[in-house]
Structure formats: C-alpha cells, structure tokens
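Using the working numbering, you'd call the opening residue of the sequence shown number 684 and step up by one each time. No residue lacks a Cβ here, since even glycine has one placed at the ideal position from N, Cα and C. Keep in mind that this is a model prediction, so the values were computed, not measured.
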Amino acid sequence: MFGQPIFKFDLLGFEVKADASWLLLAMLITWSLTRGVFPALAPDLAPSLYWWMGVAGAIGLFMSIVFHELSHSLIARREGIKIKGITLFIFGGVAEMESEPPSAGAEFRMAIAGPIASAFLSLVFYAVFRFSELAQWPNSFQAVVHYLSWINGILAVFNMVPAFPLDGGRAFRAALWAWKGDLRQATKKAANLGAFFAVFLMILGVVSLFSGNIIGGLWWLLIGLFLKNAAGASYLQVMTKRYIEGEPVSHFMTTTPVSVTPDITIKELVEDYIYHHHHEFFPVVESDHLIGCVSTRDVKAVPRPEWERRIVREIMASPTNENTIDSNTDTLAALKLMNTTGKSRLMVAEGNRLVGIMTLKDLLKFLTLKMELE
C-alpha cells in the first residue's frame, strides 16, 4: 500500500514511519495555517511569526495523529492483535494490522481507542488554551493550542462517523458482528455505509468546487475516493480470508506449468517460451529436479547482443523461501508472501520436484467468481 518511508522511528515497540505522500499533507497544513487559520485567530502579527506558528501547528497535528494511532496499537497489542507499524500518509495515519481482530469486543475496544485519545487531547489543549488566556500568554501560543484543541475534536468526531473503515465504522461493524455473529455480513453492511459516506464527501467536494473553494473541494473529493476504495478493499480482505484460509495451495495452483531447461540460450528462452506462452516467469527444471526460476526481469539485465551465447543457468535464481512453497502451504500464507515480496507467481514443490505454479491472477479470478455467486 505504501512506498519507502521518508523517516521512521520506534515508539513503545511500534515502528512509526512516514510515507512520502505525508510531506504533501505537512506542506498543505503548514501553508493553510500560515495563510488562513492563524491570521484569523491572532490578527496583526508578523508574517514570519505566522510561518513559525504554522510549523508548530503542523508538528502538533503530527504528534496528535501519532497519539491517536498509538492508542489503537496499544489496545490491539493488549488484545493479541499484531501491528506491523504506524504509517503516516497524505490522509492522516493508520495502524497496520497483520490480522483481523479475534472478536467483536476486541475490535470495538480497539476502534474507539483512537477517538477517545483525540477527544482527550482536545480537552487537554482546550484547558491549556483557557489557562493561557487567563495568564495572558502570547497570542501566537494561544492560537496554536486553540487550533490543536479544535483539530483534535474534529478528528474525534470525524473518525466516529459509522462509515467503514473509519473508527466509527469499525465500531459499527463490531456491534453488528456481536449482534448477528456474522463477520462477513457485518463487514458488508459497514463497508456499504462507508461507500455511501464516501460518495457524500465526493458530492460535497463537487459543490465546494463550484462554490469557488477549490482546495477544500479537491480535498473532500480525494478523501471520498480514498474512503470508497478502502471500504471495498476491506470487504475484499475479509472475503479473501474466509474463502482461502486453511485451504492448501494445491487446490488453486496450475498443475501443468511450462518449465525450461537450464542449458537453453536466453534467445531461445525469449523466442520459444516468453513470446510463445506469453509468460513472464518460468521454473527451471533439470532431470525432474527444480533448480531455479527465470523471469523477464532477469533477461532484461543481460545486453541483447549476449542473448545468443549466454544460457539460462547463468541468469536464473535459485529456489528460496521467497519464490518456492510447499503444496500443503496455506493459501492465505502464500498470498501474504506474494504481498510481502511483490511476486505474483510462486513455484510449488514437493521436495525438489516441481508440482505446480501458484499465480495471483488465478487466485483473484477464483475470488471474483466466488463473490459473484454469493
């Protein structure tokens, strides 16, 4: 989902990292605070001071989002849910779970932890703001803490909208799950509500655009698109787990894969196999033993004039835990391996004998058919 982080650090045992898109969010927030929010809250200050206030407000918001996601993560850890880390990106932050919550109660507690944390911060910053007014501290300080109180309140309220995958949507799903005992139906209803809310935000964005609020309109449109895609992806994730978890890859693999021998030339590989079968990846088999694999990426690393004299054995990759699995491997585990390594094909072997190929394309085709028929 995310690219290489621009920075990362450890916080209470969780890796916190920032996606490159978060830089855009940080710049937009700093600019909007400097040019609009703080001049309205504290007029007639020096322009340079507004920029420092904007930076302080953006840092405060960054810390608030981390606190919000950390609250989710701490409750998740207490409930036995593994968290890969906390990622900051253009739409805020997310605590990335490695698995779904084990029960409705666990999901509910984890879901409401974030909004409660944001509401708590809102009250704390409001108390500091009121004290700073009484103590007559600088207007610049008052404006920053006033903003942080307001924005944390907004975060708490917005996240509790019962639209999946927002926190409120997760709490709503947990309530339905506890009531009906059916995670699939609960996810479907929560995701549908999330999609409806996303469409509402997109309509709000269009109205804002026609009203002249270009930045605000684009922002609502982007958030709506993100939520709509996220709601659909969350439902697909639950369905995927339901359909394939516990099933061995032998049920989904291609049992007659096209393989190549290690002593053919790269030119023969390209002309007789890649162009003929339209595959990007081939197992390499010698005397019925799986000895490696070769892909178009390996071919492209070799200058074309050398294709006629160099052979597959020279460029192939050896079988490893990243490209080869056992036929009894859980299909969900294989899918997670594909997601982790970025590989869309895995060789399936029994000992050193090739028995099949597991492809992401075939698995997605099965899932699509299954969901259409349910």
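Whether residue i touches residue j by CB criterion (7 Å)
{"i": "G836", "j": "S805", "result": "yes"}
{"i": "I927", "j": "L1015", "result": "yes"}
{"i": "L771", "j": "A701", "result": "yes"}
{"i": "A1000", "j": "G975", "result": "yes"}
{"i": "V982", "j": "V967", "result": "no"}
{"i": "E752", "j": "A789", "result": "no"}
{"i": "A802", "j": "A839", "result": "yes"}
{"i": "A914", "j": "A857", "result": "no"}
{"i": "A1072", "j": "F847", "result": "The displayed coordinates of the chain run from 684 to 1057. Any statement about residue 1072 would go beyond what the structure contains."}
{"i": "F964", "j": "Y956", "result": "no"}
{"i": "A1017", "j": "V932", "result": "yes"}
{"i": "I766", "j": "A778", "result": "yes"}
{"i": "A725", "j": "S815", "result": "no"}
{"i": "G768", "j": "F697", "result": "yes"}
{"i": "A739", "j": "V827", "result": "yes"}
{"i": "F841", "j": "A800", "result": "no"}
{"i": "H961", "j": "V941", "result": "no"}
Separation of residue j from residue i, as counted between CA atoms
{"i": "P821", "j": "I897", "result": "33 Å"}
{"i": "A709", "j": "E930", "result": "44 Å"}
{"i": "S715", "j": "G737", "result": "8 Å"}
{"i": "L849", "j": "W734", "result": "32 Å"}
{"i": "K1026", "j": "H755", "result": "31 Å"}
{"i": "P988", "j": "I949", "result": "10 Å"}
{"i": "S978", "j": "T1051", "result": "27 Å"}
{"i": "E991", "j": "I947", "result": "10 Å"}
{"i": "Y809", "j": "T1024", "result": "46 Å"}
{"i": "T870", "j": "R718", "result": "41 Å"}
{"i": "K1019", "j": "N912", "result": "20 Å"}
{"i": "P730", "j": "P722", "result": "9 Å"}
{"i": "W833", "j": "P785", "result": "34 Å"}
{"i": "W862", "j": "F812", "result": "42 Å"}
{"i": "V720", "j": "I742", "result": "15 Å"}
{"i": "S970", "j": "I1040", "result": "18 Å"}
{"i": "R996", "j": "H972", "result": "14 Å"}
{"i": "T938", "j": "T1042", "result": "11 Å"}
{"i": "G899", "j": "L711", "result": "11 Å"}
{"i": "S747", "j": "W705", "result": "14 Å"}
Range covered by the alpha helix (DSSP H) that runs through residue i
{"i": "M922", "result": "897 to 927"}
{"i": "P722", "result": "721 to 724"}
{"i": "K1053", "result": "1043 to 1056"}
{"i": "D981", "result": "979 to 983"}
{"i": "V995", "result": "995 to 998"}
{"i": "M1030", "result": "Unbroken run through M1030 is the beta strand (DSSP E), 1028 to 1033; no alpha helix (DSSP H)."}
{"i": "A1017", "result": "1014 to 1024"}
Extent of the continuous beta strand (DSSP E) run through residue i
{"i": "R718", "result": "Taken as a continuous stretch (DSSP letters only), R718 belongs to no beta strand (DSSP E), as it is neither H nor E."}
{"i": "T1007", "result": "1007 to 1009"}
{"i": "E930", "result": "Taken as a continuous stretch (DSSP letters only), E930 belongs to no beta strand (DSSP E), as it is neither H nor E."}
{"i": "D693", "result": "690 to 694"}
{"i": "A701", "result": "697 to 701"}
7 Å Cβ cutoff, residue i in contact with chain B
{"i": "L753", "result": "Chain labels in this structure do not include chain B; a single protein chain is all it has."}
Handout entry: Whole runs of the alpha helix (DSSP H) within the segment 812 to 872, excluding any shorter than 4 residues
Key = 822 to 842, 850 to 863
Exercise for the section: Check whether the segment 896 to 914 touches the segment 878 to 888, counting contact only when three or more Cβ pairs, one atom from each stretch, lie closer than 8 Å. Expected result: yes
Handout entry: Touching by the beta-carbon criterion (3+ pairs, under 8 Å), the segment 1025 to 1034 and the segment 991 to 1010
Key = yes
Practice task
Please confirm if the segment 859 to 875 is in contact with the segment 889 to 896, defined as three or more CB-CB distances below 8 Å between the two stretches.
Solution key: no
Practice task
Kindly provide the ranges of any beta strand (DSSP E) runs that are 3 or more residues long and lie completely inside the segment 710 to 794, ordered along the chain.
Solution key: 766 to 772, 775 to 780
Practice task
Pick out the complete beta strand (DSSP E) segments inside the segment 945 to 979, 3 residues or longer, and give them in chain order.
Solution key: 964 to 969, 972 to 978
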